[in-house]
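Taking this note's numbering, I'd label the letters of the sequence shown as residues 57 to 448. Virtual Cβ for every residue (Gly too), placed ideally from N, Cα, C. Worksheet: the structure to be examined is printed underneath.
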Amino acid sequence: MADVTQSFYNIESDGGMQQGADITDVLQNAVNFITNKTTIYIPGKWYSIRDTITFPNVIGGTVYGAGFGVAANAVTGDGSNRNTARLIWIGDKNKPMFKLTGTNLTFDGGLTLIGKHQGQTAANRCSIGILVTKGVGIGTGKTTFNNIMFRDFDVMFQCGLDWTDRQTAQQSGESNNDNLVFNFFATEGACNSVYRMNNLQSMKHNFNFLHCKASASKIFDIRGGGLVYVKGGLSFGTNFLHFSSDNIVGSNSAIYNICNMKVDSQGESNFKAVVMDRNTPAKVIFDKLFTAYGGYYANNKTMFDLMGRCALTLRDCEGMQRQTISPIYVNTNKGDHIPNILLDRCFMDDDMIRITPGQSKYYLSVKYCYKTIPGDTGGAHEPIDDFKEVEI
């Protein structure tokens with residue numbers, strides 16, 4: 057049997073761990089001995105996982121999947137890359153594939169996690185791809201993910217236990233989950249939520265390119281507070297930032313800074329950038345948000361659904377021209393706070409904001425915004441001096 061305590065460990069060292077093999081026990085055995093000087097190597101083949109791989113409460117360690125730098129279009133019919141390490145779930149639906157309780161881990165190279173076999177239905181898919189939760193006596197977070205892809209989980213990535221699970225497990229101390237870094241985070245297939253945030257504060261979660269091609273009802277499923285930066289991305293999903301009212305763990309302040317994000321034309325026509333089901337304090341900034349072919353408003357959809365404790369900044373955004381419904385909806389019926397809206401150098405129409413009659417109020421600042429000149433087909437535009445409210 058291979059020595060799993062060596063600094064570089066190939067999961068095929070034991071022999072017999074070839075393509076398609078169940079590597080659950082081999083991988084868990086290697087993970088049990090992981091240290092800050094350990095690298096666990098997974099070759100560029102597909103393997104089965106039947107039970108949760110739980111990382112111990114340690115500091116450091118690297119999981120390296122083959123496939124770094126592989127062309128993104130070199131994929132199989134199920135969307136997974138033939139040249140990357142692929143782990144396919146075959147176990148109990150109600151378990152996560154990976155559970156991280158340590159800190160300062162690194163997932164490197166190229167790794168694809170798949171929640172079900174091709175041809176199976178959503179009823180068979182794994183509940184969570186990666187769960188990051190606090191271990192006893194140690195902080196959580198401070199982990200880096202390089203070139204990682206998820207496909208077909210209920211939740212692709214989750215920070216913190218669900219509220220009901222936390223009570224059942226009598227888990228404490230999950231208030232913070234800090235310093236997660238993602239260098240190319242990609243999703244395929246289908247899911248309920250791409251990234252669920254169950255901590256009171258999920259601080260400094262940084263995405264250096266976020267590629268959300270999965271059919272998802274929620275990209276960011278926000279149930280607590282946090283500080284999130286997205287530096288470039290492509291979205292095909294529906295609700296991008298969704299402040300959920302489901303099993304919330306708190307209403308701490310949240311800051312979300314989204315830069316250089318494009319909504320692809322193949323995405324669903326009811327894309328929403330912000331949806332607030334609860335009146336939580338949140339500062340949301342979209343810097344250079346582009347929607348394909350002039351926006352998605354022909355189907356009477358709202359792009360920003362705000363409550364009173366939100367501060368929204370749109371800077372250098374395009375493709376938000378109104379068709380039949382104004383893309384910003386202000387609803388303060390569920391609270392007495394007043395949202396702040398800043399529109400800076402955006403190309404849009406002057407009836408962008410829709411309110412509830414006699415109820416909604418907001419503070420609005422407009423800087424250097426432009427609109428198309430009515431009747432002009434040559435692309436000319438003129439500045440917007442003020443915005444009109446549209447009551448519903």
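Sub-8 Å separation of residue i and residue j beta-carbons
i, j, result
"Phe299", "Ile278", "yes"
"Gly216", "Asn255", "yes"
"Lys274", "Asn316", "no"
"Lys339", "Ala367", "yes"
"Ile146", "Ser104", "yes"
"Gly245", "His267", "no"
"Gly121", "Thr140", "yes"
"Ile98", "Leu187", "no"
"Cys402", "Asp372", "yes"
"Ile67", "Ile79", "yes"
"Phe240", "Phe265", "yes"
"Ser183", "Lys155", "no"
"Phe209", "Gly175", "no"
"Asn232", "Lys198", "no"
"Met73", "Val87", "no"
"Gly117", "Asn85", "no"
"Pro383", "Thr358", "yes"
"Val211", "Ser258", "no"
"Val237", "Asn295", "no"
Boundaries (first-last residue) of the beta strand (DSSP E) holding residue i
i, result
"Gln450", "Limits of the chain in this structure are 57 at one end and 448 at the other, which puts residue 450 out of reach."
"Cys366", "366-371"
"Cys182", "Here Cys182 belongs to no beta strand (DSSP E), and DSSP marks it neither H nor E."
"Glu244", "236-244"
"Phe292", "Neither: Phe292 is in no beta strand (DSSP E) and is coded neither H nor E."
"Phe327", "First-last for Phe327: undefined, no H or E at that position."
"Tyr385", "384-386"
"Thr468", "Lying before the first or after the last residue shown, residue 468 is absent from the chain, which here runs from 57 to 448."
"Tyr424", "Note, Tyr424: premise wrong, no beta strand (DSSP E); not H, not E."
"Gly301", "The question names Gly, but residue 301 is Ser in the sequence shown. From DSSP, Ser301 is part of no beta strand (DSSP E); its letter is neither H nor E."
"Arg410", "409-411"
"Ile170", "167-170"
"Cys315", "310-319"
"Leu345", "338-347"
"Phe360", "360-362"
"Thr118", "118-121"
"Asn33", "Residue 33 cannot be examined here, being either before or after the span of the chain that is shown, 57 to 448."
"Phe64", "64-66"
With 16 other Cβ atoms within 10 Å as the buried cut-off, status of residue i
i, result
"Ser421", "exposed"
"Asn355", "At Asn355, the pLDDT of 46 sits below 50, so the modelled position is not reliable and the matter cannot be decided from this model."
"Asp301", "In the sequence on display, residue 301 carries Ser and not Asp. Its Cβ having fewer than 16 others within 10 Å, Ser301 is exposed."
"Tyr312", "buried"
"Ile115", "exposed"
"Tyr353", "Legend: pLDDT at Tyr353 = 42, less than 50; position of this residue unreliable, value from coordinates given subsequently. Buried is the call here."
"Arg365", "buried"
"Gln214", "buried"
"Ala242", "buried"
"Ser291", "buried"
"Tyr65", "buried"
"Gly76", "exposed"
"Thr177", "exposed"
"Gly123", "buried"
"Asn335", "buried"
"Ala310", "buried"
"Thr159", "buried"
"Arg106", "exposed"
"Ser4", "There is simply no residue 4 to check, as the chain begins at 57 and stops at 448 in what is shown."
"Lys190", "buried"
"Tyr424", "exposed"
"Tyr419", "exposed"
"Ala272", "buried"
"Asn129", "Note on Asn129: pLDDT 42, under 50, position unreliable in the model; the coordinate value appears next. It counts as exposed."
"Ala127", "Summary for Ala127: the model assigns pLDDT 42, below 50, so the residue's position carries little reliability; its value from the coordinates is reported in the next sentence. Exposed, by the Cβ-count rule."
"Gln270", "With the sequence shown as reference, residue 270 is identified as Ala, and Gln is not the correct amino acid for it. The residue in question, Ala270, is buried, as its Cβ has 16 or more Cβ neighbours within 10 Å."
"Thr132", "Its pLDDT being 49, under 50, Thr132 is placed unreliably by the model, and the measurement read from it follows with that caveat. Looking at its Cβ environment, which holds fewer than 16 other Cβ atoms inside 10 Å, Thr132 is exposed."
Boundaries of the alpha helix (DSSP H) in which residue i is found, first to last residue
i, result
"Leu83", "80-88"
For residue i, the residue or residues it bridges with in DSSP
i, result
"Ile156", "At residue 156 the sequence reads Leu, which differs from the Ile that was named. Bridge partners of Leu156: Phe111, Val188."
"Ser249", "Val211, Lys274"
"Met73", "Note: Met73 sits in no beta bridge, so no partner."
"Tyr103", "Leu143"
"Ile397", "Leu368, Leu420"
"Asp164", "Tyr120"
"Thr200", "Thr162, Val237"
"Asn262", "Val237, Tyr285"
"His173", "According to DSSP, His173 bridges with nothing at all."
"Phe206", "Leu169, Thr243"
"Phe403", "Tyr426"
**Request:** Count the C-beta pairs between the segment 200-216 and the segment 158-178 that are closer than 8 Å, then say yes if the count reaches three, no if not.
**Result:** Result yes; three or more Cβ-Cβ pairs closer than 8 Å.
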